[in-house]
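Residue 2 is where the sequence shown starts when you use this note's numbering, and the numbers rise one by one after that.
A virtual CB, placed ideally from N, CA and C, is assigned to each residue, including glycine.
No experiment lies behind these values; they were computed from the predicted model shown.
Some notes on the structure that comes next.
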Amino acid sequence: MQPSLKDLIESKELDLPENGRALVPGCGAGYDAIFLGGSLGYDVVGLDISPAALETAQRNLTSSGLQTSKVHFKASDFFTLDPTEEKDKFDLIYDYTFFVAIPPSLRPKWGSQMSKLLKPKGHLITLVYPILPYTETGPPFYVRPEHYPEVLGEGWEKVIDRVPDNSVETHIGKERLVVWRKL
């Protein structure tokens, strides 16, 4: 679990609803999804396309002691999610290393999908990482905080934009916490 996510959630700086739903695309080993389920009591969906990552995430959930009905790991393509009703949308989406894992040509679709999946007044927490010198190869693909509003488009308000106070040692100076609220 990323220290900056933990600090943000525990600070109660965001006006988050009780009993909400959260999505963690590209959840990997599931640590962040498990943290959100435990700290907020949200129903959390962790998505990944890697069966090995999902097996690890499920093992981590089982060993966490968290009520396993709160967090669900699914093998699914983020870009094909299609909420049919408002109740199927999310109050919170957390993106850490998912944006940088997709080719830049898919980023506009990422922005459209975020708009479709998040409820009005919902929050998109982005931990922009790794902020490194330009390269044409990836993943991770080249990223800067200003790449996000370019693809999110209209209907978003930036509510937090800062260098995290607390980072994994190897991430210091290479990440930025940016939180968006959907209007």
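Report task. For Asp33, I'd like the list of residues in its chain whose CB is within less than 7 Å of its CB, leaving aside the five on either flank, ordered along the chain. Result -> By 1-based counting over the sequence shown, the position of residue 33 is 32. Only Met2, Gln3, Leu6, Val25, Tyr95 and Tyr97 meet the Cβ criterion.
Requested in this report: Leaving aside the five residues before and after Val72 along the sequence, list all residues of the same chain whose C-beta is less than 7 Å from its C-beta, in chain order.
Outcome: Here residue 72 corresponds to residue number 71 of the sequence shown, with the count starting at 1. Non-local beta-carbon contacts of Val72 in its own chain, meaning distances under 7 Å to residues more than five positions away in sequence, involve Ala34, Ile35, Gly38, Val45, Gly47 and Leu62 in chain order.
Query raised in the report: Taking Cβ positions, are Leu128 and Trp157 nearer each other than 8 Å?
Result: Residue mapping note: residue 128 aligns to position 127 of the sequence shown, counting from 1. Residue mapping note: residue 157 aligns to position 156 of the sequence shown, counting from 1. Going by C-beta atoms, Leu128 is not nearer than 8 Å to Trp157.
Report task. Please confirm if the segment 81-94 is in contact with the segment 5-22, defined as three or more CB-CB distances below 8 Å between the two stretches. Result -> In this structure the segment 81-94 touches the segment 5-22; the number of beta carbon pairs closer than 8 Å is three or more.
Report task. Could you work out which residue in Ser116, Tyr130, Ala102 and Leu125 is closest to Thr138 when comparing CA atoms only? Result -> Indexing the sequence shown from 1 puts residue 138 at position 137. Relative to Thr138, the option among Ser116, Tyr130, Ala102 and Leu125 whose CA is nearest is Ala102.
Query raised in the report: Cβ of Glu87 within 8 Å of Cβ of Lys120?
Result: Residue numbering aside, residue 87 sits at position 86 when the sequence shown is read from its first letter. Residue numbering aside, residue 120 sits at position 119 when the sequence shown is read from its first letter. Yes, Cβ-Cβ distance for Glu87 and Lys120 is below 8 Å.
Query raised in the report: Going straight from the alpha carbon of Glu176 to that of Arg145, what length do you get?
Result: Residue 176 sits at position 175 when you count from the first residue of the sequence shown. Residue 145 sits at position 144 when you count from the first residue of the sequence shown. Cα to Cα, Glu176 sits roughly 9 Å from Arg145.
Query - Rounded distance between the beta-carbons of Tyr149 and Val179, thought under 8 Å - result: Taking the first residue of the sequence shown as 1, we reach residue 179 at position 178. Taking the first residue of the sequence shown as 1, we reach residue 149 at position 148. Between Tyr149 and Val179 the Cβ distance is about 6 Å, and since that is below 8 Å, they are a contact.
Query raised in the report: Among Pro104, Ser64 and Lys110, which has the Cα closest to the Cα of Asp185?
Result: Limits of the chain in this structure are 2 at one end and 184 at the other, which puts residue 185 out of reach.
**Report entry** Distance, Gly174 Cα to Leu118 Cα
**Finding:** Counted from its first residue, the sequence shown places residue 118 at position 117. Counted from its first residue, the sequence shown places residue 174 at position 173. One C-alpha to the other measures close to 31 Å.
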